[in-house]
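Trainee: Below: one structure in structure tokens.
Chains as they are written, first to last, in the working numbering: chain A, 103 to 486; chain B, 103 to 486; chain C, 103 to 486; chain D, 103 to 486.
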């Protein structure tokens, strides 16, 4: 009988990272995909990712509201708790053979805990990486709860194993987000009108010539700083004078600070040729990035997909702390001058060669095959 | 200003393990103890530990109900979630400088997550040990969330460090439970009437001569087996013919199975000279154990305190899986014959020499001193 | 298209009261029955009603754990809250056209609130009755949230209308529990062995001659008294000397006190010819009651079904406060002597004539028909 | 000993309605005020009312996050549930003698339920009024849970009594919001600069001459319509050409629609002399309203305070449905033309005479005195 694999999608970046695997699971004859869409993925305010998922042809088995309003440290904790309460009911009624959790968000942890206590084996995608902030604690805690580890590269695999995980359960599959980047490399034309398709607010402009893309999230352990940080970026980017596609932040402690900073800037400076989007289908977003002059902000896309796509990036602040990175990234502090200067350098550098730092574009099918064949057990023990 | 240290007490064994540290924190001039009593510690059905804590002279700052009825896998998960929801509110209103979490229970994890997301440093007592079951996942996940590690012995310290924790934040303090055992070693007389003081059900008997103590908990990953397991123990113990002090299980997935097994046995066999207790103050319990011929079951007291007290123990099943143990322990399977046989052997062995496997009895003051002096930060990063 | 009718079953008595309607809804061509089984109905400790429901041929669409351990006032409140959180997710995924809530329990209120806020019309079964305790507040609060009222008799209808409900939405259907009583009247033979079928603990005895049935629940506003109350009943009943079928209490604040009282009595008095059951299928229970000499306790069965069955009853205390009652009931205080005396009187009175105080046995089909035909709207307004 | 009175403040309008009573309770020698600030009152996004409360000189005993993100029907239900879970813990630790709940919001219901199940008497302020939408269900359900009723006028008192409440527990005190209006009548000068003190976004303008005030909330039972409704108002108001002080909506299912409508209008129309505020201290707000030409929208301030202040109002849509109103109100549908036309008529009408429809300005002290003297009991029974 097909193994019932439950994937919990909770946010835009998680969806991008798992989408290629979802397709592969759906097509795999020995697997039965069950999809739970929860947290910010169901919220209007974050662009109702759920509709993107539906349009992508996936059937959604359950939706769950689990985010407490407040976007601060207290509500992150409480949302984690509420997520566990809710997902336990979902798993109890669904009875999956394997639960898949992605990366390092609070919903990731909620998913892993609900499944672990219910003796359901947990597969973790994107363990073993290093970053700053609370994500760091959460990612490795999830590793300790997970039974199967699908990691992006050998460095990550090594770290997961050193943490005491059974090497026979750690698989270097690459990250499924790179599968989407490979599709884009093969067909890179920006063949849609971003304003038409995604609405958003702000000036519309000619996107057939040079432009920037910006995506900056608040850093949870630096909550009160979020507003100051985004303001530096806004000023630094404006100085360049190129048109900009700007993405609102994820739901996270502090995103109110980030959003407030953006709103205040728009109010006061009335910036021209800046357009603000809530959300975009992952492939569309990657095409937009591929055809840009530079990706600015603190998204992991700078480090991961852009390495593969050969797009230059300016990475701001601590959020991507310890991640392996290629030559395409310039790291800068929260400082408008440094940001402008780094973008300037990247504009003269132009495109970089493709580097498979986080995968070769085959992660999805590899993960699906492993899910179908790996021994499933919720039991584990430290290897030392 | 004194550091505000919040300790969350949720169950009988956790209290025994932290009590000596509580006293030391309370007495320390640079520390301000805040006590949250939650989960089974507030429940009538598990003996209202909260009253024991009050009688021991501790002031309780907040009580929290957080356990879902059901005692199965789903409700363990949901209780963890609800615990996070509740503790986040408590921490938000209390604003502690450090939160202390104990061992490897679901409430341990809830405490660590609530504090972690709120950027409050977490101290973990009893990390780095190895056991079977879900506790194994939870204990190491808590290690990945904790900032200070107070471990029982050098083997545990080594494991915590190998998992990627900063060695300067890992302290071999011994387990505070051994501090209580040291008090008992110094004054071992069974100077109270267990029946008088603790009530309970079942025959009363003469406890001045030979008797056994039994404490057996359900193993969460073996839920449906709990009833069968306890029945084997009940038969095995009865065969010995000695009077028995028997302790009801903790709240845990499966304890209904264990309790049901005990109730059915009492109903059908009407066993003589078996008395059943819900709870006992930790020191009274250790005196009872010290003066017994053998501790039977799967409590970690067999492995930890009994090593120090030199009391023989028969440890049943997988629950204490990988823990370091001294010569005082005989391990057996869930089998009435093997259990009876092992008890018989221990009866002829008699008392063992004291071994400081899990501490030397000075853990409490050491932990308090470290809490007062260690650098406090919620930030951390894998060491490799 | 058939209307999707979602019934939430949460406890043994609620099931008895709705079962006849469930069958009628299931058979109705214009209705599509959706069943949520939640709260104590899924708990081992309360006899896993869920299995009875399955054996009765109903398909269960969702199970929900929502009861906090503690059985006190705080946890009743919290269970209500958690129930709303959970049921909102269930209703959101299920999208029923009508939600049915039964009587006056905290789950009743949770169901009504979740549906009300989601603009789903609410049908309330058993509104307009008068009793003591918190149930009184809850029942009428549910009336104010409900859109359709299926009440047991004209007095109840009048009260619901006087509270400002639209008379065209208030239907005197009788209580579906009387439908089951009618089946029993038609085929009253006690044609099963209660001990065989339902297990339980305590002496087995010859049930072909005279016996009593006892069912006593804690009264939530008299929490600390629960143990004293049950003890009076235990003594009063034992004095009679007849064999007894005794039922453990529902989950409710205080049921621990009731259960503890029963356990202590059994421990100390070792009563002969008293057998204790957790649960019974409603029809089996009614047959047992029909063939008994008297029903003792504070169950509403004394007032409702027994009036119809013509069985004598001794009703103890305040729990059935203001309910309409027939001549078959003698009311007494929590007093062993008064209880024994009243049972004695009922034994000499013998069987009573049947009175259709709470229905004529046709409620189920009537309710189903009304659900199929009544206008459905979540809107309402006070009539004055 | 002073009675411990716990007031739960959850939103801007509730604060305005209770503030005068808070002061009176605080000053009353026989009362001990305990303040819980929760729900949208603690959220940045809704203007952090909590800071206004602190500045007003009240000490806050507990803050509670309880609102689920989503602002739709599901999350309103879930927030109610979570509020009960949280408030039960707060009440359990605080042990108040009386809990006060205000008006008809979901938090009102959560507060009433938590207290009711814990046998704490509940005082309800503003029962017995008639409006449309889910508020109607909630307000009367709270009446059925409350033990003391402090109502605004005799019509409300009559309705509460007709619903079966004990007349000796129903008190016509007037609404404390009118106490604030009385203060404003006595000292009506707009003696602060709204832009300076409250920030906000949009054009600043000369507020010494004619201006409008707009406050429009989404109507929960008309959720999908919220955006269309606000758009009609925006166009209708703009047509008048006067400068406008506009207030963002409360947190409620649909407020995202309202907010989105406002944002889109600003984006596209770039309206001049419209300034948007999140929040204002109640007295400042009333001064602003007093000095305006007309209050437009669907706030109950139009009906209540404006009657007393003699300010003309245009009330849009169903939200204030059945409320008693004075001659100062013109009711219109969601239609830009009708809105503009009604504002025009009010501009020519000018100021109205003061009508004490909802109180005479002495409610606060009256309520405090009654709280100190009324018999407190959580028990109640329908009067018929």
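Beta carbons are placed, not taken as given, at the ideal position from N, Cα and C, and that holds for glycine.
1) Any idea which residues DSSP pairs residue 304 of chain C with across the strands?
2) Can you tell which of A/161, A/300, A/283, A/207 has the C-alpha that lies nearest to the C-alpha of residue 169 of chain A?
3) Counting C-beta neighbours from all protein chains within 10 Å, is the total for residue 486 of chain C 16 or more, i.e. buried, or is it exposed?
4) To the nearest whole angstrom, what separates the beta carbons of residue 463 of chain B and residue 281 of chain B, a pair I think is in contact under 8 Å?
5) For residue 166 of chain D, go through chain B and note every residue whose CB falls closer than 8 Å to its CB, in chain order.
6) Which of helix, strand or coil does DSSP assign to residue 108 of chain B?
7) Going by beta carbon distance, what residues of the same chain come within less than 6 Å of residue 375 of chain B, once the five residues before and after it are set aside?
8) Nearest to residue 320 of chain C by alpha carbon, out of C/484, C/432, C/151, C/236?
9) Please report the distance separating the alpha-carbon of residue 394 of chain A from that of residue 352 of chain D.
10) What residue range does the alpha helix (DSSP H) around residue 287 of chain D cover?
11) Using a beta-carbon distance cut-off of less than 7 Å, what residues from the stretch 231-246 of chain D approach chain C?
12) Can you tell me whether residue 317 of chain B is buried or exposed? The criterion is at least 16 other CB atoms within 10 Å of its CB, across all chains shown.
13) I believe residue 381 of chain A touches residue 149 of chain A by the beta-carbon criterion, under 8 Å. Please report the beta-carbon distance rounded to the nearest angstrom.
14) Which residue marks the beginning of the alpha helix (DSSP H) containing residue 196 of chain C, and which one marks its end?
15) In chain A, what lies closer than 8 Å to residue 195 of chain C by C-beta?
16) Taking the continuous alpha helix (DSSP H) assigned at residue 444 of chain C, which residues delimit it?
17) From residue 177 of chain B to residue 145 of chain B, what does the alpha carbon distance come to, in whole angstroms?
18) Is DSSP giving residue 473 of chain C helix, strand or coil here?
19) Say whether chain B places a C-beta atom closer than 7 Å to the C-beta of residue 172 of chain C.
20) Can you find at least 3 beta carbon pairs, one from the stretch 195-206 of chain A and one from the stretch 119-131 of chain A, that sit closer than 8 Å?
21) Mark residue 241 of chain B as exposed unless 16 or more other C-beta atoms lie within 10 angstroms of its C-beta, in which case mark it buried.
22) Contact check, residue 253 of chain D vs residue 228 of chain D under 8 Å by CB: the rounded distance?
23) Taking a contact to mean a Cβ-Cβ separation below 7 Å, would you say residue 187 of chain D touches residue 164 of chain D in this structure?
24) With a threshold of 7 Å between beta carbons, is residue 142 of chain C in contact with chain D?
25) Could you check if residue 157 of chain C is buried or exposed, using at least 16 other CB atoms within 10 Å of its CB as the buried criterion?
26) Output the boundary residues of the beta strand (DSSP E) element that contains residue 396 of chain D.
27) List the residues of chain A that residue 209 of chain C touches, going by C-beta distances under 7 Å, in chain order.
28) Using beta carbons (cut-off 7 Å, strictly below), is residue 188 of chain D in contact with chain B?
29) Taking contact to mean 3 or more Cβ pairs, one atom from each stretch, closer than 8 Å, check whether the stretch 448-459 of chain C and the stretch 261-271 of chain C are in contact.
30) Go ahead and label residue 180 of chain D buried or exposed: buried means 16 or more other beta carbons lie within 10 angstroms of its beta carbon, across all protein chains shown.
31) Check whether the stretch 126-138 of chain C and the stretch 279-294 of chain B touch, using three or more Cβ-Cβ pairs below 8 Å as the test.
32) Bridge partners for residue 417 of chain A per DSSP, in chain order?
33) List, from N- to C-terminal side, the alpha helix (DSSP H) runs of 4 residues or more that fit wholly inside the stretch 194-238 of chain C.
34) Classify residue 158 of chain D as helix, strand or coil using the three-state DSSP reduction.
35) Are the Cβ atoms of residue 212 of chain D and residue 182 of chain D separated by less than 7 Å?
36) Any C-beta of chain A sitting closer than 7 Å to the C-beta of residue 292 of chain D?
Mentor: Checking against the coordinates, here is how it stands:
1) C/377
2) A/207
3) exposed
4) 5 Å
5) 191
6) strand
7) 305, 307, 345
8) C/236
9) 40 Å
10) 278-288
11) 232, 236, 238, 239, 242, 243, 246
12) buried
13) 3 Å
14) 175-196
15) 164, 165
16) 438-451
17) 16 Å
18) helix
19) yes
20) yes
21) buried
22) 7 Å
23) no
24) no
25) exposed
26) 396-399
27) Ordered by position in chain A, no residue passes the 7 Å Cβ test against residue 209 of chain C, which lies about 15 Å from the chain.
28) yes
29) no
30) buried
31) no
32) A/399, A/433
33) 208-219
34) coil
35) yes
36) no
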